[in-house]
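S.K.:
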Amino acid sequence: MLLSPSAFGAVAENKCVSYIIPSASNFSGSPQVSRGPFTELLRSPHRSVLSLCVLSLPGILGVIIVAAAVIPWILIPVVPLLVVFLFLRRYFLQTSRDIKRLESTTRSPVFTHLSSSLQGLWTIRAFKAQQRFQQAFDAHQDLHSEAWFLFLTTSRWFALRLDGICSIFVTLTTFGCLFLRDDLKAGAVGLALSYAVTLVGMFQWGVRQSAEVENMMTSVERVVEYTELESEAPWETDKRPPPDWPRHGFITFDQVNFSYYADSPPVLKNITAVFRSREKVGIVGRTGAGKSSLISALFRLAEPDGRISIDGVPTAEIGLHTLRQRISIIPQDPVLFTGTMRKNLDPFSQHTDEDLWNALGEVQLRTVVEELPGRLETMLAESGSNFSVGQRQLVCLARAILRRNKILIIDEATANVDPRTDGLIQQTIREKFRECTVLTIAHRLNTIIDCDRILVRPPSSVLDAGRIQEYNEPYVLLQNQEGVFYQMVQQTGKAEAASLLHAAKQVHMNKSHPNVINGLTDLSPSEGSCVIFETAL
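Using the numbering used here, read the sequence shown as starting at 3 and increasing by one per residue.
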C-alpha cells in the first residue's frame with residue numbers, strides 16, 4: 003500500500019510518539035530532546051527532495067548513454083571521472099552530515115527561547131528584562147547562523163567541484179566530436195553536445211539532491227534512536243492489588259536509594275521512613291536535598307532501589323497505571339489540558355455533573371465556571387492560560403477531590419499563589435482529605451506549622467543531601483535551637499518566628515500525646531497529622 007507524503011509523515015510521527023510515551027520519564031532531560039522537534043525532520047525528506055533525486059537519476063544516465071551512443075570512446079574518461087566524483091561525494095558527506103546535525107541542534111534553542119519569551123511576555127516586561135532576553139535570542143541566533151552558513155559554504159564547495167567534473171566531461175565530448183568529425187553526422191554531433199551541456203546543470207542538481215537526502219537521513223537516525231529508548235516498567239502486570247487498594251494509605255520506604263539516571267549519583271540515599279494512615283506528612287530541606295525526588299520514587303518516575311510499599315503491597319510489583327491512578331497529586335505547576343472544563347476535571351467521564359459541580363463548589367470555583375459562556379463545556383486555552391495560576395491550582399484540587407484516592411501528594415502547590423488561595427487550599431485539604439494520607443512539600447512554613455506531627459522516622463523529616471536528618475512534632479523541633487527546622491523558622495523574622503512558635507505550641511497542647519511507659523514513648527498510630535514541608539530560605 004502506497005502512502006502519500008503527508009500520510010507517511012503522520013504515520014511516522016505516530017510511531018515516534020508510541021515509543022516516546024512509554025519511555026522512561028527522564029527522557030525529557032536526555033540529549034535527544036535538545037535536538038529539536040522531530041516533526042519537521044520527519045516531513046522534510048519524503049516530500050520533494052527524495053522524489054527529485056529519483057527523477058534526476060534517469061536523466062543523468064540518459065545523457066551519458068546518448069553521448070556514449072554517438073561517441074563510444076567517451077566512456078573511457080567517464081570511469082575515472084566517476085571515481086573522482088564518488089571520492090568527492092564521500093568526502094563532502096562526512097563533513098556536511100555533521101554540520102547538518104550541528105545546524106539542527108543550534109536551531110532548537112532559537113525556537114525554544116522564542117516560545118518561552120512569548121509565553122512569559124508579561125513577566126519580561128514587568129521586570130524590564132527585554133534587553134537581556136533580546137541578547138539571549140541574538141546569541142542563540144548567531145550560533146544557528148554560524149552553523150547554517152557553514153553548511154551553505156560546504157554545499158558551494160561541493161557544487162564547484164561538480165561543475166569542474168561536468169566541464170571536463172563536456173570538454174572531452176567536444177574534442178571527441180572534433181577528432182571524429184569525419185565519421186559523425188552533424189545531427190549526431192549536435193545531439194551529443196547539447197546533451198553534454200545540459201548535463202552540467204542536471205548532474206549538479208541531482209547529486210546535490212542525493213547529498214541532501216543523505217544529510218536528511220539524520221532524522222531517520224533519530225527515529226531509530228526513539229525506537230531504542232529505554233521503556234518504563236510495564237503499564238499493567240499480572241499481579242493486581244484489590245479494587246479498593248489502597249484502603250488505608252500506609253506508606254513505607256525501606257532502604258530506598260533513588261537516582262534519575264543509571265550513571266548518576268543517587269539523590270536519595272538509604273531512606274527508611276513510615277507514613278501512617280491518615281497522616282499529613284511534610285518534607286523540608288535545602289534545594290537539591292531530594293524532597294521532590296521522594297515523590298518521584300513513589301510514582302516510579304525512575305526505578306528506585308530498595309522497597310516501597312503501600313498498604314503492604316510493593317509498588318515495584320504492580321503496573322504503573324494502577325500505581326499512578328491510585329495516587330492523587332497537586333503539582334507546583336498546575337497542569338491543564340486543551341479541552342473543555344469537563345474533560346480537565348473528569349477526563350475519563352467517570353462522574354456525574356452533580357459531582358463536578360460539587361467539587362467546583364468545594365474549591366469555590368463554581369461561580370467562576372457558571373459565568374463562563376459554555377460552563378462545563380467551555381474550552382480552555384493551551385495550558386489553561388485563560389485562568390490565573392491560583393484558579394488552575396484550584397482546578398487541580400477539584401480533580402483530586404473527584405478521584406477520592408487515599409493518598410494525596412502536594413508538591414509546593416501553594417508556592418506561587420496568593421495567601422487567600424493558599425488558605426483556601428489548606429482548609430479544603432483539612433476538610434476533604436481528613437481520612438487520607440497527605441504528603442506535602444510546602445513553601446510557606448505557616449501552612450504546615452499547625453500539623454500534628456512531622457514524621458519521617460528518626461532523626462527527622464528534614465532531608466540533607468538525600469538523607470533524613472530530623473524527626474518530631476513541630477513544637478518539639480522548635481525546642482532544639484541547634485536544629486535545622488529551628489534555624490529555618492528564625493530566618494523568617496522575629497515576628498513571624500514568634501507566630502509560628504505560638505501556633506506549634508497550640509497544636510502541641512491540644513493534641514493527644516503518646517503514652518510514656520517505663521521511659522519509652524508509645525508511637526502507636528494515632529489520628530493525628532504530620533507534614534513534609536519545604537522552605538525557599
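For every residue, glycine included, the Cβ atom is placed at its ideal position computed from N, Cα and C. From a predicted model like this one, the values you see are computed outputs, not experimental measurements.
Going by CA-CA distance only, name the one from 121, 368, 194, 149 that's closest to residue 66.
M.R.: Here residue 66 corresponds to residue number 64 of the sequence shown, with the count starting at 1. Ranking 121, 368, 194, 149 by Cα distance to residue 66 puts 194 first.
S.K.: Note the first and the last residue of the continuous alpha helix (DSSP H) segment covering residue 78.
M.R.: Locating residue 78 in the sequence shown gives position 76, counting from the first residue. From DSSP, the alpha helix (DSSP H) with residue 78 extends over 77-121.
S.K.: Quick one: which unbroken beta strand (DSSP E) runs of 3-plus residues sit fully inside the stretch 288-332? Chain order, please.
M.R.: Qualifying beta strand (DSSP E) stretches, in chain order: 307-312, 329-332.
S.K.: The alpha helix (DSSP H) spanning residue 357 covers which residue range?
M.R.: If you number the sequence shown from 1, residue 357 lands on position 355. Note, residue 357: alpha helix (DSSP H), 355-364.
S.K.: Taking a contact to mean a Cβ-Cβ separation below 7 Å, would you say residue 401 touches residue 347 in this structure?
M.R.: Counting from 1 along the sequence shown, the entry for residue 401 is found at position 399. Counting from 1 along the sequence shown, the entry for residue 347 is found at position 345. For residue 401 and residue 347, yes; Cβs fall inside 7 Å.
S.K.: Can you give me the start and stop residues for the beta strand (DSSP E) that residue 276 sits inside?
M.R.: In the sequence shown, residue 276 corresponds to position 274, counting from 1. Here the beta strand (DSSP E) through residue 276 covers 270-277.
S.K.: Do you know offhand how far residue 368's Cα is from residue 362's?
M.R.: Taking the sequence shown and counting its residues from 1, one reaches residue 368 at position 366. Taking the sequence shown and counting its residues from 1, one reaches residue 362 at position 360. In a straight line, the C-alpha of residue 368 is about 5 Å away from that of residue 362.
S.K.: What are the partner residues of residue 259, as DSSP defines its beta bridges?
M.R.: On the sequence shown, position 257 is the one that residue 259 refers to. Note: residue 259 sits in a beta bridge opposite 307.
S.K.: Quick one: Cα of residue 343 to Cα of residue 99, how far?
M.R.: Residue 343 sits at position 341 when you count from the first residue of the sequence shown. Residue 99 sits at position 97 when you count from the first residue of the sequence shown. If you take the alpha carbons of residue 343 and residue 99, they lie about 47 Å apart.
S.K.: Looking at residue 319: is its Cβ nearer than 7 Å to the Cβ of residue 408?
M.R.: Reading the sequence shown from its first residue, position 317 is the one you call residue 319. Reading the sequence shown from its first residue, position 406 is the one you call residue 408. In this structure, residue 408 does not lie closer than 7 Å to residue 319 by Cβ.
S.K.: Identify whether residue 284 lies in helix, strand or coil by the three-state DSSP scheme.
M.R.: On the sequence shown, residue 284 is found 282 positions in, with the first residue counted as 1. Reduced to three states, the DSSP call for residue 284 is strand.
S.K.: Give the single residue among 243, 207, 309, 231 whose Cα lies nearest to the Cα of residue 257.
M.R.: By one-based count along the sequence shown, residue 257 stands at place 255. Per the Cα distances, 309.
S.K.: Drop a sphere of 10 angstroms on the beta-carbon of residue 490, count the other beta-carbons inside from all chains shown, and report buried for 16 or more, exposed for fewer.
M.R.: Translated into the one-based positions of the sequence shown, residue 490 becomes position 488. Result: buried.
S.K.: Does the stretch 333-343 come within contact of the stretch 393-400, defined as at least 3 CB pairs closer than 8 Å?
M.R.: These segments touch.
S.K.: Rounded C-beta distance between residue 302 and residue 325? I'm assuming under 8 Å.
M.R.: Here residue 302 refers to the residue found at position 300 when the sequence shown is read from its first residue. Here residue 325 refers to the residue found at position 323 when the sequence shown is read from its first residue. Contact holds; Cβ gap of about 6 Å.
S.K.: So that I know if they touch, is there some Cβ in chain C lying closer than 7 Å to that of residue 312?
M.R.: Absent here is chain C; the protein component of the structure consists of one chain.
S.K.: Using the Cα positions of residue 431 and residue 496, report the straight-line distance between them to the nearest angstrom.
M.R.: Counted from its first residue, the sequence shown places residue 431 at position 429. Counted from its first residue, the sequence shown places residue 496 at position 494. Approximately 29 Å, taken between the alpha carbons.
S.K.: Which runs of the alpha helix (DSSP H) at least 4 residues long sit entirely within the stretch 381-407? Give them in chain order.
M.R.: Listed in chain order, the complete alpha helix (DSSP H) runs (minimum 4 residues) inside the stretch 381-407 are 391-405.
S.K.: Spell out a yes or no on whether the stretch 211-220 and the stretch 164-175 are touching, meaning 3 or more CB-CB pairs, one atom from each, closer than 8 Å.
M.R.: With a cut-off of 8 Å, the stretch 164-175 and the stretch 211-220 do not count as touching, because too few Cβ pairs lie within range.
S.K.: For residue 317, which residues from the same chain have a beta carbon less than 8 Å from its beta carbon, with the 5 sequence-adjacent residues on both sides left out?
M.R.: As a position in the sequence shown, residue 317 is number 315, starting the count at 1. Only 300, 302, 310, 311, 325 meet the Cβ criterion.
S.K.: Going by beta carbon distance, what residues of the same chain come within less than 6 Å of residue 370, once the five residues before and after it are set aside?
M.R.: Locating residue 370 in the sequence shown gives position 368, where the first residue counts as 1. Excluding residues within five positions, none has a Cβ falling inside 6 Å.
S.K.: Could you have a look at residue 347 and say whether DSSP puts it in helix, strand or coil?
M.R.: Residue numbering aside, residue 347 sits at position 345 when the sequence shown is read from its first letter. DSSP places residue 347 in helix when its eight states are reduced to three.
S.K.: So, helix, strand or coil for residue 67, using DSSP?
M.R.: Within the sequence shown, the letter at position 65 stands for residue 67. Three-state DSSP puts residue 67 in a helix.
S.K.: Whose CA, out of 286, 247, 327, lies closest to the CA of residue 474?
M.R.: Taking the first residue of the sequence shown as position 1, residue 474 is located at position 472. For the residues 286, 247, 327, the minimum Cα distance to residue 474 belongs to 286.
S.K.: For residue 420, which residues from the same chain have a beta carbon less than 8 Å from its beta carbon, with the 5 sequence-adjacent residues on both sides left out?
M.R.: Along the sequence shown, one-based indexing puts residue 420 at 418. These residues qualify, in order along the chain: 392.
S.K.: By Cβ distance, which residues of its chain are closer than 7 Å to residue 178, with the 5 residues on each side in sequence left out?
M.R.: For the purposes of this step, residue 178 is identified with residue 176 of the sequence shown, where counting begins at 1. Result list for residue 178: 73, 75, 76, in chain order.
S.K.: Relative to the C-alpha of residue 150, which residue among 119, 137, 112, 134 is closest?
M.R.: Working through the sequence shown from its first residue, we reach residue 150 at position 148. Per the Cα distances, 112.
S.K.: If we count the other Cβ atoms within 10 Å of its Cβ and call it buried at 16 or more, is residue 206 buried or exposed?
M.R.: Working through the sequence shown from its first residue, we reach residue 206 at position 204. By the 10 Å Cβ count, residue 206 comes out buried.
S.K.: The beta strand (DSSP E) spanning residue 410 covers which residue range?
M.R.: As a working note, residue 410 is residue 408 in the sequence shown. That run of the beta strand (DSSP E) goes 409-413.
S.K.: Whole angstroms is fine: what's the gap from residue 197's alpha carbon to residue 219's?
M.R.: Here residue 197 corresponds to residue number 195 of the sequence shown, with the count starting at 1. Here residue 219 corresponds to residue number 217 of the sequence shown, with the count starting at 1. For residue 197 and residue 219, the distance between alpha carbons rounds to 32 Å.
S.K.: Locate the alpha helix (DSSP H) running through residue 443, then write down its first and last residues.
M.R.: Your numbering for residue 443 matches position 441 in the sequence shown. Residue 443 -> not in any alpha helix (DSSP H); beta strand (DSSP E) instead, spanning 439-443.
S.K.: With respect to the alpha helix (DSSP H) encompassing residue 246, which residues constitute its N-terminal and C-terminal limits?
M.R.: For the purposes of this step, residue 246 is taken as the residue at position 244 of the sequence shown. It is not in any alpha helix (DSSP H) - residue 246 carries neither H nor E in the DSSP assignment.
S.K.: Does the distance from the C-beta atom of residue 413 to that of residue 297 stay below 7 Å?
M.R.: Here residue 413 refers to the residue found at position 411 when the sequence shown is read from its first residue. Here residue 297 refers to the residue found at position 295 when the sequence shown is read from its first residue. Taking 7 Å as the Cβ cut-off, residue 413 and residue 297 qualify as a contacting pair.
S.K.: State the Cα-Cα distance for the pair residue 452 and residue 510, rounded to the nearest angstrom.
M.R.: Within the sequence shown, numbered from 1, the residue matching residue 452 stands at position 450. Within the sequence shown, numbered from 1, the residue matching residue 510 stands at position 508. Those two C-alpha atoms are separated by around 9 Å.
S.K.: Assign residue 178 to one of three DSSP states: helix, strand, or coil.
M.R.: Translated into the one-based positions of the sequence shown, residue 178 becomes position 176. Helix, per DSSP.
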